[in-house]
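Heads up: the sequence shown is residues 126 to 511, going by the numbering used here.
Heads up, the beta-carbon is just placed ideally off N, CA and C, and yes, glycines get one too.
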Amino acid sequence: MNRHNIPLGKILGIQIGLDYSWFVIFALLTWMLAGSYYPDEFKNWSPLTYWLTGAATAIMLFVSVLLHELGHSVIALRYKIPVRSITLFLFGGVAELAAEPPSAIAELLVAIGGPIVSLGLAVFFYALQPAVSGVEPLLGLTKYLAYINTALVLFNLIPGYPLDGGRVFRAIVWAITGNMTRSTVIAANVGRLFALLFIFTGTFQMFTGNLGGGLWIALIGWFLDNAASVQIQQVTFRGLLTGYRVAQAMSTRYAIVPENRMLQQLVDEQVLGSGQRYFIVNRGEQILGMITLHQVKEVPRQKWATTSATEVMLPFEQLKCLDPDAELWSALQSMDRNGVNQMPVVRAQQIVGMLSREDAITFLRTLQEFGIPPSTTSDTQEASRE
Ligand SMILES: [Zn+2]
126 MNRHNIPLGK ILGIQIGLDY SWFVIFALLT WMLAGSYYPD EFKNWSPLTY WLTGAATAIM
186 LFVSVLLHEL GHSVIALRYK IPVRSITLFL FGGVAELAAE PPSAIAELLV AIGGPIVSLG
246 LAVFFYALQP AVSGVEPLLG LTKYLAYINT ALVLFNLIPG YPLDGGRVFR AIVWAITGNM
306 TRSTVIAANV GRLFALLFIF TGTFQMFTGN LGGGLWIALI GWFLDNAASV QIQQVTFRGL
366 LTGYRVAQAM STRYAIVPEN RMLQQLVDEQ VLGSGQRYFI VNRGEQILGM ITLHQVKEVP
426 RQKWATTSAT EVMLPFEQLK CLDPDAELWS ALQSMDRNGV NQMPVVRAQQ IVGMLSREDA
486 ITFLRTLQEF GIPPSTTSDT QEASRE
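So this is what it looks like as structure tokens:
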């Protein structure tokens with residue numbers, strides 16, 4: 126979970142978070158609803174009623190998006206795919222799955238879980254309207270939510286990855302080709318195509334009088350294009366690394382400091398000189414832990430002369446370690462999950478090397494320099510996921 130995130134608690138064991146950018150959309154939406162949408166629809170409300178109904182509608186939209194993401198999550202959990210978190214941000218929500226779905230059919234069902242919930246909500250708010258027709262703010266609220274949930278279903282059905290419709294599309298291509306990597310690239314490229322269409326349409330509208338609406342459409346397109354590009358990069362990177370092991374990419378040269386080394390000396394002699402960013406802390410031959418620049422920076426500078434490495438290091442028991450035979454790709458994912466840039470590689474309680482993100486990139490570059498083709502095992506491995 127990143128730092129731009131306010132934790133809201135847990136549902137079904139899933140951490141729910143609010144990205145700071147959500148407040149922007151909350152303010153904009155409330156302002157748009159209270160300032161123009163509701164006054165156009167209903168003439169005789171007090172200003173306070175417009176603002177309260179606007180804010181309540183924006184919050185209910187947030188609840189709708191949350192339920193949509195929970196729809197994906199419930200099915201993912203049924204397939205034993207851990208859901209790390211749900212984050213609500215500027216353009217909606219993201220349920221972060223800790224792994225790719227195990228099969229095309231699992232992917233398909235996880236993908237439609239969200240839109241099914243949104244469709245249910247749309248029907249629910251539509252059906253509720255006669256019951257609340259006597260109370261205008263409630264009628265306005267249910268009308269808007271029926272409309273916005275329908276829009277959510279339609280938008281998400283666009284067959285461009287990583288939108289839900291794109292995931293359905295990817296699942297179908299995956300089922301036909303048996304190759305998840307290739308189907309991801311195809312579906313993400315369709316996603317980029319739709320993104321360009323959004324950007325084009327939005328820009329056109331901006332220049333033909335609809336500045337606000339056009340800008341909004343173009344922004345969504347830009348966001349979609351980014352998301353699709355990241356997916357393509359990731360899956361390509363993964364394809365290049367598949368079949369390689371941690372031991373092949375790790376570096377065996379890492380700096381060791383004795384347990385009583387003071388931070389001041391560590392910075393002066395080892396950080397500034399060599400640019401080394403992490404150190405293994407030893408007592409004789411025994412590993413006590415690891416210290417990174419991040420931990421050094423947590424200590425106020427005037428205390429560097431009197432604080433030893435042992436006092437601020439991560440003790441060995443708390444270190445997340447890698448096995449030298451582990452898959453390189455899953456090792457990098459594990460770094461992502463733990464929010465670290467390097468991990469010690471350990472066999473039988475002994476550090477045999479360190480793996481950092483830079484090591485993986487250097488390794489990849491070396492492979493390419495020598496013209497070694499990407500591991501050919503990736504296709505058969507992907508196929509065997511079926
Ligand atoms: Zn969705």
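For residue 369 and chain B, any beta-carbon pair shorter than 7 angstroms?
Although the question refers to chain B, the structure presented lacks it and comprises just one protein chain.
Would you mind working out which of 402, 294, 192 sits nearest residue 277, comparing C-alpha positions?
192
In the DSSP assignment, the beta strand (DSSP E) including residue 382 goes from what residue to what residue?
380-383
Is the CB-CB distance between residue 406 and residue 438 below 7 angstroms?
yes
Does the segment 377-389 touch the segment 358-368, meaning 3 or more C-beta pairs lie closer than 8 angstroms?
no
Regarding residue 265 and ligand 3, is the C-beta to nearest heavy atom distance less than 6 angstroms?
As for ligand 3, it is missing from this structure, which binds only ligand 1.
Is there contact between the segment 282-294 and the segment 253-261, where contact requires at least three CB pairs shorter than 8 angstroms?
no
Does the beta-carbon distance from residue 207 to residue 223 come in below 7 angstroms?
yes
For the alpha helix (DSSP H) that residue 163 lies in, which residues bound it at each end?
163-166
Leaving aside the five residues before and after residue 185 along the sequence, list all residues of the same chain whose C-beta is less than 8 angstroms from its C-beta, in chain order.
266, 270
Could you work out which residue in 225, 287, 412, 327 is closest to residue 202 when comparing CA atoms only?
225
Does the beta-carbon of residue 316, which I'm using as the reference point, lie nearer than 6 angstroms to any heavy atom of ligand 1?
no
Relative to the C-alpha of residue 389, which candidate in 369, 400, 429 has its C-alpha closest?
429
With DSSP collapsed to three states, give me the class of residue 311.
Residue state for residue 311 is assigned as helix, using DSSP reduced to three classes.
Shorter than 6 angstroms, the distance from the beta carbon of residue 407 to the closest heavy atom of ligand 1, or not?
no
Sorry if obvious, but does the Cβ on residue 239 come closer than 6 angstroms to a heavy atom of ligand 1?
yes
Which same chain residues, not among the five before or five after residue 167, have their C-beta less than 7 angstroms away from its C-beta?
261, 265
Consult DSSP for residue 438 and reduce its assignment to one of helix, strand or coil.
Here residue 438 sits in coil by DSSP.
Please determine whether the Cβ atom of residue 281 lies at a distance below 6 angstroms from any heavy atom of ligand 1.
Checking every heavy atom of ligand 1 against the Cβ of residue 281, one is found closer than 6 angstroms.
Would you mind sorting residue 507 into buried or exposed? The rule is 16 or more other CB atoms within 10 Å of its CB.
Low per-residue confidence applies at residue 507: pLDDT is 36, beneath 50, and the placement is therefore not dependable, though the value from the model is reported in the following sentence. Flag for residue 507 reads buried.
If you draw a straight line from the C-alpha of residue 204 to the C-alpha of residue 235, how long is it?
9 angstroms
Buried or exposed: where does residue 461 fall if 16 or more other Cβ atoms within 10 Å of its Cβ makes it buried?
exposed
Check this for me: beta carbons of residue 353 and residue 316, under 7 angstroms apart or not?
yes
Here's a check: name, in chain order, each residue in its chain whose Cβ is nearer than 6 angstroms to the Cβ of residue 369, leaving out the five neighbours to either side.
453
How many angstroms separate the CA atom of residue 242 from the CA atom of residue 197?
9 angstroms
According to DSSP, is residue 135 part of a helix, a strand, or is it coil?
strand
Measure from the alpha carbon of residue 356 to the alpha carbon of each residue in 348, 286, 176, then state which is nearest.
286
In the DSSP output, which residue or residues are listed as bridge partners for residue 146?
For residue 146, which the question treats as bridged, DSSP gives no partner whatsoever.
Between residue 289 and ligand 1, is the CB less than 6 angstroms from at least one heavy atom?
yes
Quick one: what's got a C-beta closer than 7 angstroms to residue 463's C-beta in the same chain, skipping five residues either side?
445
Whole angstroms are fine: how far does the CA of residue 350 sit from the CA of residue 517?
The requested residue 517 is not part of the displayed model; the chain covers only 126 to 511.
Taking the alpha-carbon of residue 448 as reference, which of 258, 433, 442, 468 has the nearest alpha-carbon?
468
Taking residue 295 and residue 221 to be in contact with their CB atoms under 8 angstroms, please state how far apart those CB atoms are, rounded to whole angstroms.
17 angstroms between Cβ atoms; not a contact.
With 16 other CB atoms within 10 Å as the buried threshold, where does residue 495 fall?
exposed
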